[in-house]
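Q: Letter by letter, the sequence shown follows residues 144 to 293 in the numbering used here.
All residues carry an ideal CB built from backbone N, CA and C; glycine is no exception.
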Amino acid sequence: MLHNCELANPQELWDNHKESMAEDILHRAQLQNPQVQLAYTDNIFEAALVLLQDKVRSLGGSDLGTYGLPSPSPDPDEKLSKEVLAETSYNVEELADYIQENEPKLVPDQREAYTKITHSALTENGGIFFVDAPGGTGKTFLINLLLAKI
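1. Cα-Cα, which of S216, N245, Y233 is closest to I286?
2. Alpha carbon to alpha carbon, how far is G281 from F273?
3. Please report how far the alpha carbon of G208 lies from the alpha carbon of I168, in whole angstroms.
4. Measure the C-alpha to C-alpha separation of N234 and A182 and round it to an integer number of angstroms.
5. Figure out for me which residue from D197, A291, N176 has the closest Cα to the Cα of Y257.
6. Provide the residue span of the alpha helix (DSSP H) that contains V235, from first to last.
7. Just how far apart, CA to CA, sit P213 and E236?
Below, the structure is given as structure tokens:
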């Protein structure tokens, strides 16, 4: 359709059907990473764009940008590695529930560190923070909550 027809709005077509076009890629990634609950991500859609672009080129067409679609990055396989998928695939609703449930459980010292670190990260000020305390004082709890928030 991209190569042989003049679509009125290829971007809308992509937006409406990108999940269907990326379904096999998500399935393959899930088989390769059974320990991670995967969802559609920009990396999955990027891989679908690469496959689409390869198909259009094989039919004598041009890059997807020529047709008004996003141009994929050169190497999406790197973005679909096990490590990247494990670190970027998460359930946003579950994280929000986790945050809502656990923020009130922070003790004053944890809350102070939590507030400073999240403020620094969310305002993109950066910084280096050390969390040091005896075992059993909630460092892991604090770090897990920070990771869910950020």
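A: Looking at the coordinates:
1. Here the question's residue 286 lines up with position 143 in the sequence shown. When each option's Cα is compared against that of I286, the closest is N245.
2. Position 138 of the sequence shown holds residue 281. Position 130 of the sequence shown holds residue 273. About 14 Å.
3. Indexing the sequence shown from 1 puts residue 208 at position 65. Indexing the sequence shown from 1 puts residue 168 at position 25. Between the alpha carbons of G208 and I168 lies a distance of about 21 Å.
4. The sequence position of residue 234 within the sequence shown is 91, counting from 1. The sequence position of residue 182 within the sequence shown is 39, counting from 1. Distance from the CA of N234 to the CA of A182, rounded to the nearest whole angstrom, comes to 8 Å.
5. On the sequence shown, position 114 is the one that residue 257 refers to. Looking at the Cα atoms, A291 is the closest of the given residues.
6. Mapped onto the sequence shown, residue 235 falls at position 92. DSSP places V235 inside the alpha helix (DSSP H), whose first and last residues are 235-245.
7. Looking up residue 213 in the sequence shown gives position 70. Looking up residue 236 in the sequence shown gives position 93. Whole-angstrom Cα-Cα distance: 28 Å.
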